[in-house]
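> So the protein sequences, as listed, match chains X and Y.
Following the UniProt record's numbering, the numbering of the first sequence begins with 1 at its first residue and continues without gaps.
Following the UniProt record's numbering, the numbering of the second sequence begins with 1 at its first residue and continues without gaps.
Below you will find the structure I want to go over with you.
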Amino acid sequence: MKTELRQAASDLAWLAKVPRHVWLRLLLVPLLLLLWSALAKGIPDGYFAGPYLTLRALFLMLTDDRRKLLIALWETLSVYLWGIGAAALIGIPAGLLLGLCRTLGRTLSPFSHGLAATPVVALVPLIILMVGLGAEAKVLIVLLAALMPVLIATEAGVRGTDPELIEMGRSYGMGALTRLRHIVLPAALPSLMAGLRLAAIAGLVATVIAELYTAMTGLGALLQSLGNSYRMDSYFAVVVIFAIIGAGTTGILTWIEHLLTPPPERRRSH
Amino acid sequence: MSAPLLSLRGLGHDHGDGPVLTDLTVEVGAGERLVILGPSGCGKTTLLRLMAGLLPICEGQLLLDGRPPVAGRGAALIFQNTRLLPWRRVRENVELVLAGRPKAERRERAADLLQRLGLGARLEDWPGALSGGQKQRLALARALAMDVPLLLLDEPFANLDPLAREQMQEELLRQTGVEGRAFVLVTHSVDEALALGDRILLMQPRPGRILREVTPDLPGIGMERRRAPRFYTALAELSDELREVAREG
């Protein structure tokens, strides 16, 4: 008996290694479902749907032969990932440049902050005029919404690099590229990754905007058609998918940051 | 007579809000140990940064090995707060200053230096896991990895406890002695100046200038000098001189 108990305890030893925040997250899921359920009871049908109806609708949509949801999901993910990918490819080098060249950064700062504060919706007519209503326009809208958080956070991370470390690098004969690789980039990484997470969230909102204001495709278009026909269970099923995409993308980015951060710095990171 | 390793002639400096240093003339020979002692604000750190080539020469002349100093060449600077890269391992902190050499050579040289400084078992550790004294040993190893004839030390032992401080002072003397390297050490500590310097320059603030040069009339160096019967008398005399300098300033 004792041996069996000992064996069972050793089999469950991995549970002790699960971080506390993961347990708390798991605990939050039923709490949120309860709250959602209570909220649904107080709102008349046709305006809201509770968790049971929503999850049932989600299951039916996923198993539907016409694959309407899966096709819409693919369209949305393509636009979203191309948009935030392009924002990272442009925003990180541009942020590094503005952070390293202080005069250039200071000169362009009001313009970059002004552009960041401009609602992307306001630029949609101009974008349609320039590139039409197709996928390019959607990607451009997502890119514009996601670019500035990456750029501004990268620039702030570079500017926040300890000047004493930069001076140490110079005094030990490290060239500009060596200093960038071994001092500036590691120092700017937490800020840069926070910018990418913000960009992922802003980009997802912009994806819906793009799908509603240009040629109507993807989950955005599906959301509008379900809303117009008062099918609130399916409507909230799509909302849940958006929430999962947002949480999933930021989760992946947090994991990448964890991989890129050396162990002594990990406690400070997200 | 051979040319001095480091030569300052009428050197001055101004950060833009009044002179920080004025009319400094001094020479340092190969393998020599020079200590600069003075109260806060007398421009000791600015002087080291000029010697390291981190600041432009505004006034006078400063030559290192017959040429104006260039950052990263000719001298290695050791800072008070070590300035180690927390995201690079102990070994990598040393290897980084050996850039340009083959990887195997970098590894071997770094391991050899760290072994010499008692950090052979900590090669793969992170700097954050080291004690204050070990961090200074690592900073010293990083400076020694630079193939330069002069070390510039900016109060490197100020944050260490007395025992660790003495150990590091002995380590500095041993390591520079082995390779015949000269050093210029800036310090607030009269005891440290007297124990480590072949010559001691007393500096006066506002603007920083050399007021007096003292050559300790004591045998040996480091711990050996500390054990000399006249050490504490000389310490009291030097402290009096420093107080006088501070008063005059």
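Glycine residues also receive a C-beta, built at the ideal position from the N, C-alpha and C atoms.
1. With 7 Å set as the bound, which would you pick, yes or no: does the beta-carbon of E164/X sit closer than that to a beta-carbon of chain Y?
2. Can you give the beta carbon distance from I84/X to A221/X, rounded, assuming they're within the 8 Å contact cut?
3. Count the other CB atoms, across all protein chains shown, that sit within 10 Å of the CB of W126/Y; report buried if there are 16 or more and exposed otherwise.
4. Start and end of the alpha helix (DSSP H) containing F111/X?
5. Since T45/Y contacts L21/Y with CB under 8 Å, what's their CB separation in whole angstroms?
6. Taking a cut of 9 Å between CB atoms, which residues from the segment 174-187 of chain X lie near chain Y?
7. So F183/Y is in the alpha helix (DSSP H); what residue range does that whole segment cover?
8. With DSSP run on the structure shown, which of helix, strand or coil describes V150/X?
9. What are the boundary residues of the beta strand (DSSP E) that I190/X is part of?
10. Locate the alpha helix (DSSP H) running through M232/X, then write down its first and last residues.
11. Once DSSP output is grouped into helix, strand and coil, what is the label at G83/X?
12. Mind pulling the chain X residues with CB within less than 9 Å of F79/Y?
13. Would you mind sorting Y235/X into buried or exposed? The rule is 16 or more other CB atoms within 10 Å of its CB.
14. Note down, in chain order, all residues in the segment 19-53 of chain Y with a beta-carbon under 7 Å from any beta-carbon belonging to chain X.
15. Assuming A145/X and G95/X are in contact, meaning their beta carbons sit under 8 Å apart, how far apart are those beta carbons, in whole angstroms?
16. Let me know the secondary structure DSSP gives I200/Y once reduced to three states.
17. Please list the terminal residues of the continuous alpha helix (DSSP H) segment that includes L165/X.
18. To the nearest angstrom, how far is the alpha carbon of G246/X from that of R89/Y?
19. Check for me: the beta strand (DSSP E) holding I210/Y runs from which residue to which?
20. Check whether the Cβ atoms of residue 257/Y and L202/Y lie closer than 7 Å to each other.
21. I'd like to know if the segment 96-112 of chain X and the segment 146-159 of chain X are in contact, where contact means that at least 3 CB-CB pairs between them fall below 8 Å.
22. Can you tell me whether E32/Y is helix, strand or coil according to DSSP?
23. Which one of G53/Y, I36/Y, L172/Y and G100/Y has the shortest CA to CA distance from L177/X?
24. Hey, R226/Y and A195/Y: beta-carbon distance below 7 Å or not?
25. Can you tell me whether residue 271/X is helix, strand or coil according to DSSP?
26. Quick check on DSSP: helix, strand or coil for I57/Y?
27. Here's the rule: buried if 16 or more other CB atoms are within 10 angstroms of the residue's CB, otherwise exposed. What is H13/Y?
28. Measuring alpha carbon to alpha carbon, tell me which of L152/Y, E213/Y and E105/Y ends up nearest E92/Y.
29. Mind pulling the alpha helix (DSSP H) runs of 4 or more residues that sit fully within the segment 119-153 of chain Y?
30. In chain X, what lies closer than 7 Å to residue 258/Y by C-beta?
31. Whole angstroms is fine: what's the gap from P69/Y's alpha carbon to A243/X's?
32. Listing by chain order, which chain X residues have their CB less than 8 Å from the CB of G72/Y?
33. Strictly under 7 Å for the Cβ-Cβ distance: is A141/Y near chain X by that measure?
34. Hey, could you find the ends of the alpha helix (DSSP H) G177/Y is sitting in?
35. Roughly how many angstroms separate the alpha carbons of residue 277/X and A52/Y, rounded to a whole number?
36. Using only alpha-carbon positions, find the residue among P219/Y, V214/Y and G220/Y that is nearest to I36/Y.
With the structure as the only source:
1. Numbered from its first residue, the first sequence carries residue 164/X at position 164. Yes - at least one Cβ of chain Y is within 7 Å of the one on E164/X.
2. Residue numbering aside, residue 84/X sits at position 84 when the first sequence is read from its first letter. Residue numbering aside, residue 221/X sits at position 221 when the first sequence is read from its first letter. Wrong, their Cβ atoms sit about 20 Å apart, outside the cutoff.
3. Counted from its first residue, the second sequence places residue 126/Y at position 126. Looking at its Cβ environment, which holds 16 or more other Cβ atoms inside 10 Å, W126/Y is buried.
4. Mapped onto the first sequence, residue 111/X falls at position 111. Unbroken alpha helix (DSSP H) run through F111/X: R102 to A117.
5. Locating residue 45/Y in the second sequence gives position 45, where the first residue counts as 1. Locating residue 21/Y in the second sequence gives position 21, where the first residue counts as 1. Not really, about 11 Å apart at Cβ, beyond 8 Å.
6. M174, G175, T178, H182, I183, P186 and A187
7. Position 183 of the second sequence, counted from the start, is the residue given in the question as residue 183/Y. F183/Y: not part of any alpha helix (DSSP H); member of the beta strand (DSSP E) spanning A182 to T187, first to last residue.
8. The count along the first sequence starts at 1 and reaches residue 150/X at position 150. Here DSSP, grouped into helix, strand and coil, assigns V150/X to helix.
9. On the first sequence, position 190 is the one that residue 190/X refers to. According to the sequence displayed, residue 190/X carries Pro and not Ile. Segment L185 to Y213 is the alpha helix (DSSP H) holding P190/X; no beta strand (DSSP E) there.
10. Reading the first sequence from its first residue, position 232 is the one you call residue 232/X. Its alpha helix (DSSP H) spans residues M232 to L260.
11. In the first sequence, residue 83/X corresponds to position 83, counting from 1. In the structure shown, G83/X sits in a helix (DSSP, three-state: H, G or I).
12. Counting from one through the second sequence, the residue named residue 79/Y turns up at place 79. Contacts between F79/Y and chain X, judged by CB atoms closer than 9 Å, involve E164, E167, M168 and S171 in chain order.
13. Locating residue 235/X in the first sequence gives position 235, counting from the first residue. Classification for Y235/X: buried.
14. Against chain X - using a Cβ distance shorter than 7 Å - the residues of the segment 19-53 of chain Y are A52.
15. Taking the first residue of the first sequence as 1, we reach residue 145/X at position 145. Taking the first residue of the first sequence as 1, we reach residue 95/X at position 95. That pair is no contact at about 16 Å.
16. Taking the first residue of the second sequence as 1, we reach residue 200/Y at position 200. Correct three-state label for I200/Y: strand.
17. Looking up residue 165/X in the first sequence gives position 165. Per DSSP, L165/X belongs to the alpha helix (DSSP H) from P163 to S171.
18. Locating residue 246/X in the first sequence gives position 246, counting from the first residue. Locating residue 89/Y in the second sequence gives position 89, counting from the first residue. Distance between the alpha carbons of G246/X and R89/Y: 35 Å.
19. Numbered from 1 along the second sequence, position 210 holds the residue referred to as residue 210/Y. Start and end: R209 to V214.
20. Lying outside 1 to 249, the shown extent of chain Y, residue 257/Y is not represented and no answer is given.
21. yes
22. The residue labelled residue 32/Y in the question sits at position 32 within the second sequence. Coil at E32/Y, not helix or strand.
23. Locating residue 177/X in the first sequence gives position 177, where the first residue counts as 1. L177/X has its Cα closest to that of G100/Y, out of G53/Y, I36/Y, L172/Y and G100/Y.
24. The residue labelled residue 226/Y in the question sits at position 226 within the second sequence. The residue labelled residue 195/Y in the question sits at position 195 within the second sequence. Contact: yes.
25. The structure shown has nothing for residue 271/X, since chain X only spans 1 to 270.
26. Numbered from 1 along the second sequence, position 57 holds the residue referred to as residue 57/Y. Three-state result, I57/Y: coil.
27. Along the second sequence, read from residue 1 onward, the residue named residue 13/Y stands at position 13. By the 16-neighbour rule on beta-carbons within 10 angstroms, H13/Y is buried.
28. Indexing the second sequence from 1 puts residue 92/Y at position 92. Shortest Cα-Cα distance from E92/Y to any of L152/Y, E213/Y and E105/Y involves E105/Y.
29. 132-145
30. Because chain Y spans 1 through 249 in this model, residue 258/Y falls outside it and cannot be assessed.
31. The residue labelled residue 69/Y in the question sits at position 69 within the second sequence. The residue labelled residue 243/X in the question sits at position 243 within the first sequence. The C-alpha of P69/Y lies about 59 Å from the C-alpha of A243/X.
32. Position 72 of the second sequence holds residue 72/Y. When 8 Å is used as the limit between beta carbons, G72/Y is near these residues of chain X: R170, S171, Y172, G173 and M174, in chain order.
33. Taking the first residue of the second sequence as 1, we reach residue 141/Y at position 141. Not an interface residue.
34. By 1-based counting over the second sequence, the position of residue 177/Y is 177. From DSSP, the alpha helix (DSSP H) with G177/Y extends over P162 to E179.
35. Because chain X spans 1 through 270 in this model, residue 277/X falls outside it and cannot be assessed.
36. By one-based count along the second sequence, residue 36/Y stands at place 36. Ranking the options by Cα distance to I36/Y, first place goes to V214/Y.
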